[in-house]
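Structure record follows, encoded as structure tokens.
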Amino acid sequence: MSKGSNYKLPALCDIGTFDGTTPAEPWLSRLEELFKTLNDGQDVDPSTHIQAIDMSLLKGAAQFVDSSSLLRSITIRAWQNEAVDQDLKELQQALRERYPEESPNAELRQGEAEDLSAYYQRVLRVYKRAGGRDEPVSPSKPLSRAESYVLNSLISKFAHGLRDKMLFLEALNLNVLGADSLSQALERVEQAATAMEFKANLVQSHNTNLLKQHQSSSKMFDISVKVRAYVESGHTRSFNLKPGQVIIERGSEISIVSRAFVTKHKIPMYDLGSVGFKRLRMGNAAGRQVRVTEFAVLEVNCQGVVRSVWAVVTPDEQPQTRTVLKLGLPWLYDVGAKFDIAGSKLTIGMQEEGDTVTTIQGPMVALSPRQRMVLCPADPSILDKCVGWQDEDTYLEHLMKIISLARQ
């Protein structure tokens with residue numbers, strides 16, 4: 000070592016050696032403390048300090064420094080007495096990262112609050128400290144046997160250390176353990192996460208999508224009616240309203256007619272205040288209570304049962320829908336409606352009013368034993384497709400068939 004006139008240097012036996020089989024931090028700290036102890040708390044110049052480190056490196060540690068062009072240039076400058084403080088810091092940091100307190104072989108686990116990206120970056124740092132190259136294997140850049148061992152070990156630890164074990168199993172299906180780099184392993188885990196999200200969405204919306212497909216066969220009391228009304232010309236007009244355009248609202252205290260329908264056909268509208276209902280309000284599609292001011296008078300003929308219906312006209316803010324007329328409790332009371340829910344039957348008409356009592360048969364529905372949220376078409380082939388808490392294994396098997404078909 001170069002010997003500056005103002006520096007006292009420790010004996011070589013006190014400096015010791017470092018071969019990389021232990022963490023670098025204790026040895027580097029002890030060397031720095033030796034210099035300061037001999038020199039009244041002051042460190043030696045960077046070149047002398049680097050020389051002391053360089054001549055004490057053995058085996059793997061020496062090979063590590065010699066294999067790096069950056070570190071090799073630092074030691075060359077030091078032996079030429081041209082090193083600066085930054086050179087010393089870079090050499091010390093390189094040794095600390097290559098031989099950290101945390102061994103590269105330590106068990107890796109994703110933390111409870113650690114997201115996938117942060118976990119990957121932590122594993123990548125461990126890998127790089129072990130001298131690993133995080134790039135796909137190619138014929139032009141083959142990994143050495145030692146590099147391959149470290150890479151495969153870290154990929155395995157990265158995958159097994161995932162907090163979500165279902166994600167780990169999904170990643171296994173994508174051959175995460177066969178990845179040729181950590182970045183590719185991360186990519187396959189991310190693909191597994193996307194696949195899990197896709198499956199979860201299928202599971203969570205399965206019943207909703209199933210019932211949408213069979214919506215027309217699960218509407219119990221869809222009816223068609225003939226509506227007759229006076230128009231502004233003084234004549235009457237008749238309109239045939241199909242199922243879907245007419246809805247029976249058993250929970251509505253009023254009947255409602257679409258403003259778009261009334262306006263289009265020039266059906267007269269009357270002020271609600273004229274019949275004592277000024278300041279009447281109704282809920283709109285956004286859930287807000289809005290003021291309604293007008294109503295229309297319609298003659299509704301359902302299966303030969305004819306009644307006059309006073310229907311509130313929807314406010315201007317009400318969005319247009321396919322529904323034209325909602326028949327509420329006043330109409331149901333007026334026609335003497337009787338519901339047979341289990342039989343999917345609606346009976347209307349009152350003999351004392353001269354009506355022919357009529358029973359409207361709706362599509363048969365049932366309550367699935369697998370979900371008790373909504374009624375379903377009674378067709379067993381549809382009921383069997385419903386999912387719920389009691390048949391998770393059966394549904395997962397069915398779901399995998401769906402995914403397999405989607406991939407074909």
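Taken in order, the sequence shown gives residues 0 to 407; the numbers are from numbering that gives the first Met the number 0. Just so it is clear, CB atoms sit at the ideal spot from N, CA and C, and this is done for glycine as well.
Span of the alpha helix (DSSP H), counted from its first residue to its last, around residue i
| i | result |
| --- | --- |
| Q370 | Segment: none, Q370 is in no alpha helix (DSSP H) and carries neither H nor E. |
| L331 | 328-333 |
| S307 | Note, S307: premise wrong, no alpha helix (DSSP H); beta strand (DSSP E) at 304-312. |
| Q62 | 58-65 |
| T36 | 23-37 |
| Q85 | 84-97 |
| F167 | 164-172 |
| D18 | Where D18 is concerned, there is no enclosing alpha helix (DSSP H), given that its DSSP letter is neither H nor E. |
Of the residues the options, the one placed nearest residue i, counting alpha carbons only
| i | options | result |
| --- | --- | --- |
| V305 | W330, H234, V83, A295 | W330 |
| L166 | V226, V125, D114, L150 | D114 |
| P314 | E351, L271, Q350 | L271 |
| V122 | L181, L176, L171 | L181 |
| D99 | N80, S116, A60, S72 | In the sequence under discussion, the amino acid at residue 99 is Pro, which differs from the Asp named in the question. Here the closest residue by C-alpha is A60. |
| F63 | E96, K88, K384 | E96 |
| D179 | G361, S155, T193 | S155 |
| E252 | A184, G233, R280, M268 | R280 |
| N5 | D18, L33, L30, L37 | L37 |
| S257 | E169, A341, V296, K164 | V296 |
| V274 | R287, K263, G282, T292 | T292 |
| A341 | V364, I255, L326 | V364 |
| E248 | I266, V323, S380, V226 | V323 |
| I266 | V245, G348, C301, G233 | G233 |
| I246 | C301, S67, A194, V261 | C301 |
| S28 | N239, E81, L94, N80 | L94 |
| Q50 | K384, A23, L87 | L87 |
| S147 | G160, Y126, R162, K164 | Y126 |
| A259 | A228, V289, T320 | T320 |
| E111 | L161, W78, N80 | L161 |
| S55 | T20, T16, L70, L107 | T16 |
| K58 | A228, T21, S72, L328 | T21 |
| V149 | K164, R124, D163 | R124 |
| A371 | E24, N239, D378, L382 | First, the amino acid is wrong: residue 371 is Arg here, not Ala. Nearest C-alpha to R371: L382. |
| A336 | D163, Q190, F220 | F220 |
| P242 | P362, T235, E189, R290 | P362 |
| L153 | V175, D163, V224 | V175 |
Status (buried if at least 16 other CB within 10 Å, exposed otherwise) for residue i
| i | result |
| --- | --- |
| Q85 | exposed |
| D39 | exposed |
| S46 | buried |
| D65 | exposed |
| E352 | exposed |
| Q91 | buried |
| F157 | buried |
| A10 | exposed |
| G348 | buried |
| K325 | buried |
| G177 | exposed |
| Y118 | buried |
| I75 | exposed |
| G282 | exposed |
| D53 | buried |
| C375 | buried |
| Q244 | buried |
| I14 | buried |
| G250 | exposed |
| D44 | buried |
| L168 | exposed |
| Q109 | buried |
| L8 | buried |
| R187 | buried |
| Q407 | With a pLDDT of 49 at Q407, under the threshold of 50, the predicted position of this residue should be treated as unreliable, and no value is reported. |
| F294 | buried |
| N104 | Here the model assigns N104 a pLDDT of 46, short of 50, so the residue's position is not dependable, and the following value carries that caveat. Result: exposed. |
| G303 | exposed |
| F197 | exposed |
Span of the beta strand (DSSP E) around residue i
| i | result |
| --- | --- |
| I381 | I381 -> not in any beta strand (DSSP E); alpha helix (DSSP H) instead, spanning 379-382. |
| V43 | Run containing V43: none; DSSP gives neither H nor E here. |
| F338 | 337-339 |
| K344 | 344-347 |
Residues bridged to residue i [DSSP beta-bridge criterion]
| i | result |
| --- | --- |
| W78 | In the DSSP output, where bridge partners are listed per residue, W78 has none listed. |
| T262 | For T262, which the question treats as bridged, DSSP gives no partner whatsoever. |
| P376 | V364 |
| K325 | I246, I255 |
| I359 | L345 |
| A295 | A310 |
| N300 | K225, V305 |
Which residue spans inside the segment 220-292 form an unbroken alpha helix (DSSP H) run of at least 4?
-> 258-263
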